[in-house]
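Have a look at the structure below, then the notes.
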Amino acid sequence: MYIMSMIRLINMTKRFGKTVAVKNADLEIEKGELVVFLGPSGCGKTTTLRCIAGLENPEEGEIYIDNEMVNDLPTLDRDVGFVFQHYALFPHMSAYQNISFPLRAMKHKKSDIEREVMKVAELLRIDKILQFKPSHLSGGDLQSVALARALVIKPKVFLLDEPLSTLDAEFREEARTMIKKIHLEIGATTIYVTHDQMEAMAIADRIVTMNLGEIQQIDAPEYVYHNPVNMFVANFLGSPGMNFIDCSLEENNTLKLGLDGKILQINEKIVKKIKAVGEDKAVLMMGIRPEDIKLSFKKDVYGFDMKVTIVEEIGPENIVNLRSGDHVVKVLTDPDILPKTGETVWAVPDQDKIRIFDQQTKKEIL
Amino acid sequence: MPTIVLKNVVKKFGKIVALNEIDLDIKEGEFFVLVGPTGAGKTTTLRVVSGLEKIDSGELLFGKEDATALSPAERDVAFVYQSFSLYPQMTVRKNLEFPLRSPMYRESGEEINSRVEHVADLLHITPLLDRMPDALSGGEMQRVGIGRAIVRKPQIFLMDEPLSDLDAKLREELRVELRQIQSDLKTTTLYVTHDQVEAMSMGDRVAVLNEGVIHQIGTPKEVYRKPSDLFVAGFIGNPKMNFLSCKIVEGASPALDLEKGLIHVSLSEKMAKKVRGFSKKEGLIMGIRPEAIILHREKGKSRLEAAVLFLEHFGSMNIINLQIGEKILKIRTHPTQTVKQKEKVWLEFEEEHMILFDEETGKSLAIG
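Top line first, the protein sequences correspond to chains A and B. Using my numbering, read the first sequence as starting at 1 and increasing by one per residue. Using my numbering, read the second sequence as starting at 367 and increasing by one per residue.
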């Protein structure tokens, strides 16, 4: 069976003056998928979303929604529901009036409106607060009302632009769970924009990681995390992100590290890999995730020594920050491992988890 | 570097009590964090210490000196705000020099240079010294803003959510840098945030506030492992602590009845002993952290049945969301743990990590 995609971008480019905000974006989103656009400020994620919504017009490329090219369609005719970072609710209207507004604008029957609003309100658990005006609602409730207003028109596509970023951290987690739960229940095609990788990992079917206007990688959360295509993605995903140390291949299965020429013993598998792609003479970058490093308090040839700077005790785990010259390496440990500031420890990477990148192209070599 | 002491401080805005009998004792050179939701009174506390707000009653001491009589300038504090306003017409260097050129501090040109360069070095902004603010990224601007606060070596740093306008990634980097700088300078620091991870990661000690009241003061580990009440237990930790309604079933060996008879969890002799001492046996809440719940594929004694809602992959761990009646429970597992949606699983609660609370007062009663 041929499955048609719900949203399709072909070679889309959007400029603001001389700045290229989005460059040659190619993307397909299936019906019912929840896709997250992830990246730092200025990476083009919101601009891409606004192009799909029709709030911006790209200079080049095509945008399809449900197989119809929509480049020239105004926002209202694209059948998208949009939720902004700042909820943009009408302050003089009650929650009920806000939610029902789009249906009233479309001249639906009063009884239909009431039924639809109540359905969405129950789904979002705001049916008890419908008579209140926005000034009487908490941040979490305001966000739910904004979501309800977008959901009530049953759009083909649901577009969310950093919907949780103005909420306090404590509501953010709850709201995130709610959005995921609703998505599982109603299965609307959804694009969700955020700079927070935890949020992206938590809710996405697939993550589109962006940087400097370009799509870096499109994959499922777990897959991107374990198979990042380049150093940017490897570092952006993960809390903390992947550690990098510049290195080069030496004799006897060792890497010479950029940490004052320290030598790290590695297994033959990695050496073979590097040689197979002809990078044995190149300047390389070793990547290792904070959870894939063990700390040893005595010398270990499969590790390298660094000094402990700061230990962050964040509850279920600790982040141990290590330094040597300008290099910082972060290690995730059990909460009971508490090395002292200034102490020398050996960071021992799990050999199977070491990844090697080309320092010039920033791409992983395999 | 002085200590900062607040005794019984009350601050009202009209009828609203913003600070309700606040007691704080911040040690010399300490990195002290105030954490709580919006409206907790964190920023008001900072403003009271800085002299921007007058207190209605109570005492404020710097060392042994009564600070209430001192003007903001005399208090020698440096404020770092959430969003920075750098002077747009000045280079980064000029922005950093500015506080040292004020009539109060008038320093020699040589001294100014060396201080600016030292601060630039600390904050890794040396290459930016000749740039104008509009050529800086958000993170770079915030670094310069912090630099401007620390360049004149104040007695006390007051930081009001200095990282909250930044991207998550940048926040993570800067929080370690800030902590490092503070530990190098050993300047007494009062830091405000609503982000509990930031609080845990940065604070020597943390005060958890809500609605103008301090709920608990302790090291990050203490507030995480031994929360004084339901508010602290729910606020600190991500994902949140799980809460189940609970009563103690007495008998030859006491057990916990969870969620109105959904499950009876039997207790070890050690725990049973503690529980026997409780005056209250009903109207309790059992709190347990997501990492203290073990997931089983088989039924078993004291194991609670649950249905899988969905799984969140975070790379270094997974969070599994489970439905139990009307409640969602979250458990934290190894990243290789997989489950299917709607699958039935059984949960074991690690009793040494269970905390019981009085539902009425919210107070913690016992800790496993």
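Note that beta-carbon positions come from the ideal geometry of N, C-alpha and C, so glycine has one too.
Inter-residue Cα distance where the pair is residue i and residue j
i, j, result
"Asp196 (chain A)", "Ser645 (chain B)", "46 angstroms"
"Ser324 (chain A)", "Ile218 (chain A)", "35 angstroms"
"Ile215 (chain A)", "Ile685 (chain B)", "27 angstroms"
"Met12 (chain A)", "Ser567 (chain B)", "41 angstroms"
"Thr699 (chain B)", "Gly287 (chain A)", "24 angstroms"
"Gly54 (chain A)", "Pro339 (chain A)", "54 angstroms"
"Ile697 (chain B)", "Phe676 (chain B)", "11 angstroms"
"Asp300 (chain A)", "Cys247 (chain A)", "18 angstroms"
"Val157 (chain A)", "Thr75 (chain A)", "12 angstroms"
"Ala738 (chain B)", "Lys256 (chain A)", "Since the displayed chain B opens at 367 and closes at 734, residue 738 (chain B) lies outside it and no answer follows."
"Met6 (chain A)", "Ala534 (chain B)", "30 angstroms"
"Leu390 (chain B)", "Thr404 (chain B)", "20 angstroms"
"Arg176 (chain A)", "Gly139 (chain A)", "13 angstroms"
"Arg472 (chain B)", "Phe464 (chain B)", "10 angstroms"
"Val224 (chain A)", "Ile293 (chain A)", "20 angstroms"
"Glu56 (chain A)", "Ala150 (chain A)", "19 angstroms"
"Val271 (chain A)", "Tyr192 (chain A)", "41 angstroms"
"Gln508 (chain B)", "Phe450 (chain B)", "6 angstroms"
"Ile370 (chain B)", "Leu426 (chain B)", "7 angstroms"
"Glu648 (chain B)", "Leu184 (chain A)", "37 angstroms"
"Gly505 (chain B)", "Val120 (chain A)", "40 angstroms"
"Leu137 (chain A)", "Ser100 (chain A)", "17 angstroms"
"Phe445 (chain B)", "Phe379 (chain B)", "22 angstroms"
"Gly39 (chain A)", "Thr209 (chain A)", "6 angstroms"
Beta-carbon neighbours of residue i, restricted to chain A and to distances below 8 angstroms
i, result
"Gln448 (chain B)", "Simply none; closest approach about 13 angstroms."
"Leu722 (chain B)", "Under the 8 angstroms cutoff, chain A gives no residues; its nearest Cβ is about 20 angstroms from Leu722 (chain B)."
"Val641 (chain B)", "Under the 8 angstroms cutoff, chain A gives no residues; its nearest Cβ is about 26 angstroms from Val641 (chain B)."
9 angstroms Cβ cut-off: residues of chain B touching residue i
i, result
"Asp79 (chain A)", "Correct list: empty, because the minimum Cβ distance to chain B is about 27 angstroms."
"Ser144 (chain A)", "Those do not exist, as Ser144 (chain A) stays about 16 angstroms from chain B at its closest Cβ, beyond 9 angstroms."
"Tyr225 (chain A)", "His679, Phe680, Gly681, Ser682, Pro701"
C-beta atoms of residue i and residue j nearer than 8 angstroms
i, j, result
"Tyr96 (chain A)", "Val70 (chain A)", "no"
"Pro620 (chain B)", "Leu610 (chain B)", "no"
"Lys180 (chain A)", "Ala202 (chain A)", "yes"
"Gln562 (chain B)", "Phe597 (chain B)", "no"
"Tyr447 (chain B)", "Pro520 (chain B)", "no"
"Ser423 (chain B)", "Asn374 (chain B)", "yes"
"Gly402 (chain B)", "Leu575 (chain B)", "yes"
"Lys363 (chain A)", "Val233 (chain A)", "no"
"Gly569 (chain B)", "Tyr590 (chain B)", "no"
"Leu264 (chain A)", "Phe304 (chain A)", "yes"
"Val631 (chain B)", "Phe723 (chain B)", "no"
"Leu103 (chain A)", "Ile153 (chain A)", "yes"
"Glu33 (chain A)", "Asp260 (chain A)", "no"
Sequence-distant residues of its chain with Cβ nearer than 7 angstroms to residue i (five each side left out)
i, result
"Val485 (chain B)", "Leu462, Gly513, Ile516, Val517"
"Ile388 (chain B)", "Leu372, Val375, Thr411, Ile580"
"Lys640 (chain B)", "Ala732"
Any C-beta of chain A under 8 angstroms from that of residue i
i, result
"His484 (chain B)", "no"
"Ala534 (chain B)", "yes"
"Asp570 (chain B)", "no"
"Thr554 (chain B)", "no"
"His560 (chain B)", "yes"
"Glu692 (chain B)", "no"
"Thr404 (chain B)", "yes"
"Pro368 (chain B)", "no"
Within chain B, partners of residue i - CB distance below 7 angstroms
i, result
"Ser296 (chain A)", "The contacting residues do not exist; Ser296 (chain A) stays about 20 angstroms from chain B at best."
Contact test: residue i Cβ vs the ligand NAD heavy atom, cutoff 7 angstroms
i, result
"Gly213 (chain A)", "This structure lacks the ligand NAD, and indeed carries no ligand of any kind."
Min CB distance residue i to chain B below 8 angstroms
i, result
"Thr189 (chain A)", "no"
"Lys180 (chain A)", "yes"
"Gln359 (chain A)", "no"
"Leu237 (chain A)", "yes"
"Asn368 (chain A)", "Nothing about residue 368 (chain A) can be reported from this structure: the residues present for chain A run from 1 to 366 only."
"Tyr2 (chain A)", "Low confidence applies to Tyr2 (chain A): its pLDDT is 49, below 50, so where it sits in the model is not reliable enough to give any reading."
"His327 (chain A)", "no"
"Ala53 (chain A)", "no"
"Asn243 (chain A)", "no"
Neighbourhood of residue i by C-beta distance below 6 angstroms, restricted to the same chain and skipping five residues each side
i, result
"Glu312 (chain A)", "Ile319"
"Gly213 (chain A)", "Val20, Ala21, Val22, Lys23, Gly44"
"Thr555 (chain B)", "Phe397, Phe523, Gln548"
Within chain A, partners of residue i - CB distance below 9 angstroms
i, result
"Lys587 (chain B)", "Glu313, Gly315, Pro335"
"Leu344 (chain B)", "Given that chain B is displayed from residue 367 to residue 734, the structure contains no residue 344 (chain B) and the question cannot be resolved."
"Asn687 (chain B)", "Thr177, Lys180, Lys181"
Contacts of residue i in chain B (Cβ-Cβ under 8 angstroms)
i, result
"Tyr198 (chain A)", "The question names Tyr, but residue 198 (chain A) is Met in the sequence shown. Those are Ala534, Phe680, listed as they occur along chain B."
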